[in-house]
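Just so we're aligned: the sequence shown equals residues 1187 to 1499 in our numbering. All C-beta atoms in this analysis are idealised placements derived from N, C-alpha and C, irrespective of residue type, glycine included.
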Amino acid sequence: MKTKKWKKWVAIIFGPPLILIAIHNNFNVGLKKLVHAENSVNPDATNSFSHATLIGDYIDRIHDTFFIDYDSILFTPLYKLETYFFKKGQKGIQPDNLGEEGVWWFLVYGERYGFCKQGRNDESLWIMNLPKEESWKLRNQVCSYFLAITDGKIKGIKFGKPVSGSVHNFFQAVFVDVDELYPREVDGEWLEEWWDDGALFEKQLILYLRYKEYIKSDPFLDSHTNANRNIQRNLDFLIYHYLLKQNTANACGGLLDDYLQILGRDDYRRQLIGTYGRSAPRIEDLIFVLEKAAQVCAGKKKYILDIQKKYNN
C-alpha cells in the first residue's frame, strides 16, 4: 500500500515536468528539421540555439495570452534558461558562421526588442526604450549580425524567410537610427556630436550598400513594404554628410541617384506629404538636401530642381 502511495506521489511530482520536457524535445526535433539542422557545420551550437528559440516562443505566447509584459519578473526563470542555451550556442558557433547566430537571435529576441511585429503591443523592452548604454551595445551587436548575414555567413542550415526578416529589421535598427551607434557619453563626459564622426557615416554607407545589394535577390521583398521609406529617411543624412563635408563629385554618384529615384516617384511623394504635411520638418529637411545637391552636382541640377519643385508646390 505504501509503495502505491509512493509511486502516486512520484507521478504527481515528476510527471508534469517530464511531460513538458518530452513536448519541448519533440518541438525541438521539429524545428531542427525545418531549418535542415542535419546540414549544420556546428550542430551543437545549432541545437542550443534551437532550444533558446523555443523558449523565446513560449515567452512570446505567454506574453500575448496572459497579458504579462516582457519586463515582468515572472519571466525571470525562462529568461535565465533562454540565456543559458543562447550563450551555449554562441560558444559553439564557428567564427565564419556568425550569420546563423544573427538569425537565431532575431527569432529569439525580435519581438521582445521591437524588431518585428508583436502579438500584443508592449514597448517595455523596445530597443529605443532601453538605457542608452544597453541600447548602444545592442545596436552594435545587431550591426555585426547584419553584416555577417548579408556577407553570406550562414553555413549549412536553411532558415528561409527569417533571413529576410532579420536583414530588413536589423537594417532599420542600425541605419535608420545610425546616431544611436555612437556612444555620446563615456565616463560621464559628453562627446563631440556624432555628426562629426566620419567613421560613423562610413559604417552607414557600408550598411546601405550591403542592403541595396541584398534586396536585389530577396525573394521576400514584397513583405517589407517600408523598405523604400526607411532608406530615404536616412539617405537624407548620409548624402548631406558627403555633400556638405566633402563637397566632391563623388557625392553626386550612385548614392544620390538612388535617393532621387525614390523621391521622384509620384506615389512616394504623395504618401510622404500626406503623412507629414508640406510644412513639416521632415519635408524641410528633404528640400534642404535637394538644394545642396543642386549646388554641388551641376550635371544633375535640372533634374534635382524639378523634383524639388514638386515638394515645394
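To the nearest angstrom, report how far apart residue i and residue j are at their CA atoms.
i     : j     : result
H1354 : R1451 : 22 Å
Y1400 : T1336 : 6 Å
V1395 : D1408 : A small correction: the amino acid at residue 1395 is Leu; Val does not occupy that position in the sequence shown. Roughly 19 Å separates the two Cα atoms.
H1222 : K1341 : 11 Å
E1378 : F1332 : Legend: pLDDT at E1378 = 48, less than 50; position of this residue unreliable, no value from coordinates given.
S1234 : P1467 : 47 Å
I1425 : D1453 : 22 Å
L1284 : G1275 : 11 Å
G1278 : Q1390 : 30 Å
G1460 : E1309 : 27 Å
Y1270 : R1464 : 51 Å
N1499 : D1443 : 22 Å
V1157 : A1238 : Because the chain spans 1187 through 1499 in this model, residue 1157 falls outside it and cannot be assessed.
V1227 : L1260 : 36 Å
I1248 : A1484 : 59 Å
E1388 : T1251 : 44 Å
F1272 : F1292 : 12 Å
Y1146 : S1236 : The structure shown does not extend to residue 1146, since the chain is modelled only from 1187 to 1499, so the question has no answer here.
Q1280 : A1231 : 9 Å
V1215 : G1440 : 47 Å
D1255 : F1361 : 28 Å
Y1299 : Y1244 : 16 Å
A1334 : E1470 : 36 Å
Going by CA-CA distance only, name the one from the options that's closest to residue i.
i     : options                    : result
K1478 : D1422, D1255, I1401        : D1422
Y1489 : N1499, N1498, L1476        : L1476
N1315 : A1231, N1498, F1301, G1305 : F1301
K1487 : L1293, L1446, Y1397        : L1446
D1220 : K1347, I1248, E1268        : This sequence places Leu at residue 1220; Asp is not what is there. Measuring from the Cα of L1220, the nearest candidate turns out to be K1347.
K1495 : I1473, E1286, L1284        : I1473
I1493 : D1471, Q1457, F1253, L1449 : L1449
R1456 : D1282, Y1497, D1230        : Y1497
Q1481 : L1458, L1441, A1437        : A1437
E1268 : D1255, Q1280, L1240        : L1240
E1224 : I1343, F1361, D1255        : I1343
F1253 : N1307, E1470, L1217        : N1307
Which whole-angstrom value describes the C-beta separation of residue i and residue j, a residue pair presumed to lie in contact below a C-beta threshold of 8 Å?
i     : j     : result
G1242 : Y1295 : 7 Å
D1257 : L1311 : 6 Å
G1288 : D1246 : Between D1246 and G1288 the Cβ distance is about 19 Å, and since that is not below 8 Å, they are no contact.
F1345 : Y1397 : About 18 Å; that fails the 8 Å criterion.
F1406 : S1352 : So it is not a contact: roughly 11 Å between Cβ atoms.
I1359 : I1313 : First, the residue type needs correcting, since residue 1359 is Ala and not Ile in the sequence shown. The Cβ separation is near 6 Å, so the contact holds.
Does any CB atom of chain B fall closer than 7 Å to the CB of residue i?
i     : result
G1296 : The chain inventory of the structure shown lacks chain B, comprising one protein chain alone.
Segment contact, 8 Å Cβ cut-off, at least three pairs: the stretch 1318 to 1337 with the stretch 1246 to 1264: Contact fails: fewer than three Cβ-Cβ distances are below 8 Å.
Start-end ranges of the alpha helix (DSSP H) lying completely within the stretch 1282 to 1312, minimum 4 residues: DSSP runs (the alpha helix (DSSP H)) wholly in the stretch 1282 to 1312: 1284 to 1295.
Continuous alpha helix (DSSP H) assignments of at least 4 residues falling wholly in the stretch 1310 to 1360: Assignment of alpha helix (DSSP H) within the stretch 1310 to 1360, counting only whole runs of 4 or more residues, yields 1318 to 1336, 1347 to 1357 in chain order.
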